[in-house]
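Engineer:
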Amino acid sequence: MTALLRSLSVELTASLIVSSLLAAFPLFVVVWRRIGVEIALAAWGLLSLGLLVAGGVVLYRHRDGKLGQVVGRVGIASAWALAGAAIAGLLLGAGYGVNALARSGGPCSYPLELRVLTTPDALTAVRYAAADFVVGTRSHGCPAYSVTVTSESGATPVRNGLARGWEGDQTSVGAQLLGPQPDVWIPSSPAEYAYGADPANLATSDSPPKVTADPSSLGRSPMVLGLFGDDNGRVYSESSLPGRDSTTELLTKFKAAGIKGIARPIPESSAVALAVTPVLHRSITNAGMAPDGAAAERLLSPADPPELLAPDAVSLLCQLRATAQQGGNAPGSRPPFGYAVVVSEQLLNDYNAGRPLGDSCGGVNSGADPYDQWKLYPYYANDLPSLDYRFVQLKWPGQDDAARANAVNSFKNWLTRHPLTSQGFRGRDGSYRRSHTADSAHPYLSGIDRLGNSAIPSVIKGPEAPGVQDALDAISAVRKKVLISIVLDTSGSMGAPASTPLRGSRLTHAVSLLRSLVDQLKGDDVAGLQTFARPRQPADRPVMSVARAALISPTQSKLLNDKLQAQSVARPDVSLTDAVTGADLSYGERDAIVVTDGQSLQTNPSIGKDRARLADYHHKHPNLRLTLLLTGPTGCDVSPAKDVRQAMGGRCVLLNDDPDEAQAARLLSTLR
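So the sequence shown is numbered by this note's numbering: it starts at 382 and just counts up by one.
So, in structure tokens, the structure goes:
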């Protein structure tokens, strides 16, 4: 009988070991597929196996049945207790593993969507970080979250949006959302956050979001001045320590090397450009590149070459990349030398590394022609501000649920554990250490750290960005005011398709650009709207006043945008001569912008005789500057537009497929 029991105990031990291995196998498979939450269960399973194996070894060594005499009754009881616990652990792990495998083989549930807003400059970096977050938080092969990252269109639109339920200005079709209401906002600096989340401004809203900012930095990026290769060769010195010079000292060297302009994005549509403008105004005048602040502001907004003026730095760099692509290796196709480009270090790194920029600028092989000739070399100054990105949670009324709050917290914790240094940012102290694991998804600062004839400081923190309102006031104080009369063609031909694909009708294209123009005007500017088409009665005026000119204010901007949006085509063409000479200039003579498709000689049969009438009109109104803005198909060098421009001594601009904001900015730059 004793021998039988001893035999059974050995067989039982062996069967327990085998069954334990089989039971634990699904758990091991789950852990092998994804190391994460299941680590604790895996450890439990391994401990259980260890206990059972140890028990089996002990039983085998005491096959003579004397184990009880060795360990005593308490020991036997403890052994059985441990064995029971081990078996229970294996059963739990096995059950969990089988359940996990079953779930992993089925369809994934819909992930919770997180909506993130940041600056255009950080858009690519945050998107890559968000993609890592989505992959890193998968459960059994299924994503727990999806993340949509969009870019802001300036500090003021964000401020207004937060106080209006994320709605833009009212239009004739009602208020439109600026985009998905963000759960997370990653502004470029504490100053941008303070301006956008101003409690006094939020208090004007009936249902403002609850705004919670994390005081710690997600990453820093100093502002730099980038030079193209030939210019860099005239400025670079191996003996110079990067970041030791002030901006004035740096620009003095630039001036001596023949740098004639600085390309800065439009500050009203770029919080990053806004942050660097005050120090540039001071330094440009101190370095003798401009006599005063007004001239310094003009130097910062070069309209020629056109690729150097854009609503934000991403658009500017995309335009440079597109110009490089169009030129290819053709003779004479070179970067616009003689200009410095204002950009953050992190974004310049993205550009040099060939990464995608924004939504419409794909990645390129930056090491191949022609892109390697268009790389920018960064120059640092000790008084250029440093961007300091922060994590801000936005809780909108009706969307403040526990699941969304947990998702936001999970994303914040992920960014804490996986800092944005891998995306080209510096640490909180402004430090940078070279990485040997850089790749296209995690470039660090390899796009500039490995440039020849360039030096990158290991530590540079820079001052904080100035207050947004202070920067806006500084720009307003030096910028030339404009007085604009917009004269819009609403004749039947404007209903034809625009020359540029995907722009709708010619009138739609014109209205879209003019609304961007209105949005970029400021408080001291004056603007009004008139339309022209053949009058219903011969005695009627061909040009009608739709919105009388007035100082730009929220009310005037809304009126102009509403009236523009409400325009529709009606009635035949009226000659361009009648449109120009019939415009109402009672509020002053400065700039008349005539927006048309260019018309034809058929609708302007007497243009030859009209040249004398136009010249006489120009003589009577010598202060009037005419700009013809053509949607096409007729170009600027074709009559009647050519004759009108020459007789009036004006300008002519043919619209293209560039962003409306960029084209409007170029136009405003020439007017100022």
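Note that CB positions come from ideal geometry on N, CA and C, so glycine has one too.
Return helix, strand or coil for S741, following the three-state DSSP convention.
Structural biologist: Per DSSP, reduced to three states, the secondary structure at S741 is coil, with no helix or strand assignment.
Engineer: So for T585, helix, strand or coil by DSSP?
Structural biologist: coil
Engineer: Give the secondary structure of L1052 by DSSP, where H, G and I count as helix, E and B as strand, and everything else as coil.
Structural biologist: helix
Engineer: Skipping 5 residues on each side, what residues in its chain have a beta carbon closer than 8 angstroms to that of D906?
Structural biologist: Once the five neighbours on either side are set aside, the close Cβ partners of D906 are K862, V863, L864, I865, L932, I933.
Engineer: May I ask which residues mark the beginning and end of the alpha helix (DSSP H) holding Q774?
Structural biologist: Looking at the DSSP string, Q774 is not in any alpha helix (DSSP H); the run it does join, the beta strand (DSSP E), is 767-776.
Engineer: Whole alpha helix (DSSP H) runs in the region 945-1030 with 4 or more residues, listed along the chain?
Structural biologist: 957-962, 988-1001, 1022-1029
Engineer: Using only the alpha-carbon positions, how far apart do Q1027 and D612 sit?
Structural biologist: 37 angstroms
Engineer: For the beta strand (DSSP E) that F913 lies in, which residues bound it at each end?
Structural biologist: 907-913
Engineer: Per the contact definition of three or more C-beta pairs closer than 8 angstroms, is the region 506-517 in contact with the region 533-548?
Structural biologist: no
Engineer: Would A721 and Y761 qualify as a contact pair, given that the criterion is a beta-carbon distance under 9 angstroms?
Structural biologist: No Cβ-Cβ contact shorter than 9 angstroms links A721 with Y761.
Engineer: What does S897 pair with, by DSSP beta-bridge criteria?
Structural biologist: Beta-bridge pairing links S897 to no other residue.
Engineer: Have a look at T871 and S893 and give me their C-alpha separation to the nearest angstrom.
Structural biologist: 14 angstroms
Engineer: Look at the alpha carbon of A964 and the alpha carbon of G614, and state the distance between them as a whole number of angstroms.
Structural biologist: 52 angstroms
Engineer: What number of angstroms, rounded off, separates the C-alpha of A993 from the C-alpha of C699?
Structural biologist: So the alpha carbons of these two residues sit roughly 44 angstroms apart.
Engineer: So, for P986: in the same chain, excluding its five sequence neighbours on each side, which residues have a beta-carbon less than 6 angstroms away from its beta-carbon?
Structural biologist: Closer than 6 angstroms at Cβ, skipping near neighbours: no residue.
Engineer: Below 7 angstroms CB to CB, which residues in the same chain sit around C1033 once its five sequence neighbours on both sides are set aside?
Structural biologist: Spatial neighbours of C1033 in its own chain (CB-CB distance under 7 angstroms, excluding positions within 5 residues in sequence) are listed in chain order as L1009, L1011, C1017, A1022, R1026.
Engineer: Identify, in the order they occur along the chain, each residue of the same chain with its Cβ nearer than 7 angstroms to the Cβ of V418, setting aside the five sequence neighbours on each side.
Structural biologist: With a pLDDT of 46 at V418, under the threshold of 50, the modelled position of that residue is not reliable, and the figure given next carries that caveat. The answer is none, since no qualifying residue turns up.
Engineer: Give the secondary structure of T529 by DSSP, where H, G and I count as helix, E and B as strand, and everything else as coil.
Structural biologist: strand
Engineer: Could you tell me whether the Cβ atoms of P716 and W755 are closer together than 9 angstroms?
Structural biologist: The answer is yes: Cβ separation under 9 angstroms.
Engineer: Taking 7 angstroms as the limit between beta carbons, can you name the residues of its chain near D1054, skipping five residues before and five after?
Structural biologist: With the chain covering 382 to 1053 only, the question about residue 1054 has no answer from this structure.
Engineer: Could you give the DSSP three-state label for Y576: helix, strand or coil?
Structural biologist: helix
Engineer: Work out the CA separation of P524 and V411 for me, nearest whole Å.
Structural biologist: Because the pLDDT at V411 is just 45, under 50, the model does not fix this residue reliably, and the value given afterwards should be weighed accordingly. Going by the C-alpha atoms only, they are around 16 angstroms apart.
Engineer: Following the continuous beta strand (DSSP E) through K591, name the residue where it begins and the one where it ends.
Structural biologist: K591 -> beta strand (DSSP E) spans 591-608.
Engineer: State the DSSP-derived secondary structure class of P847, mapped to helix, strand or coil.
Structural biologist: coil
Engineer: Check for me: the alpha helix (DSSP H) holding Y732 runs from which residue to which?
Structural biologist: 726-734
Engineer: Residues in the same chain with beta-carbon distance under 7 angstroms from Q551, minus the five sequence neighbours each way, listed in chain order, please.
Structural biologist: Only weak support is given to the placement of Q551: the predicted model assigns it a pLDDT of 45, under 50, and the value that follows is read from those uncertain coordinates. Within the same chain, Q551 has close Cβ partners K939.
Engineer: Look up L758 in the DSSP assignment and say whether it is helix, strand or coil.
Structural biologist: Note on residue identity: the sequence assigns Tyr, not Leu, to residue 758. For Y758, the secondary structure class from DSSP, reduced to helix, strand or coil, is strand.
Engineer: Would L853 and L681 qualify as a contact pair, given that the criterion is a beta-carbon distance under 9 angstroms?
Structural biologist: no
Engineer: Kindly list the residues whose CB is nearer than 7 angstroms to the CB of A819, restricted to its own chain and excluding five residues on each side of it in sequence; keep chain order.
Structural biologist: Y825, S827
Engineer: Check the C-beta distance from K944 over to V927 and give it rounded, since I have them as a contact under 8 angstroms.
Structural biologist: 5 angstroms
Engineer: Less than 8 angstroms separating the Cβ of A578 from some heavy atom of the ligand COA?
Structural biologist: You won't find the ligand COA in this model; it holds no ligand whatsoever.
Engineer: Could you pull the start and end residues of the alpha helix (DSSP H) that E678 belongs to?
Structural biologist: 674-680
Engineer: To the nearest angstrom, how far is it from the Cα of F792 to the Cα of F514?
Structural biologist: One alpha carbon belongs to F792, the other to F514, and they sit about 7 angstroms apart.
Engineer: Would you say A908 and G873 are within 9 angstroms of each other, going by their C-beta atoms?
Structural biologist: no
Engineer: Just mark Q918 as buried or exposed, buried being the case when its beta carbon has 16 or more other beta carbons within 10 Å.
Structural biologist: exposed
Engineer: Rounded to whole angstroms, what's the CA-CA distance from A684 to R645? Just pull it up for me.
Structural biologist: 11 angstroms
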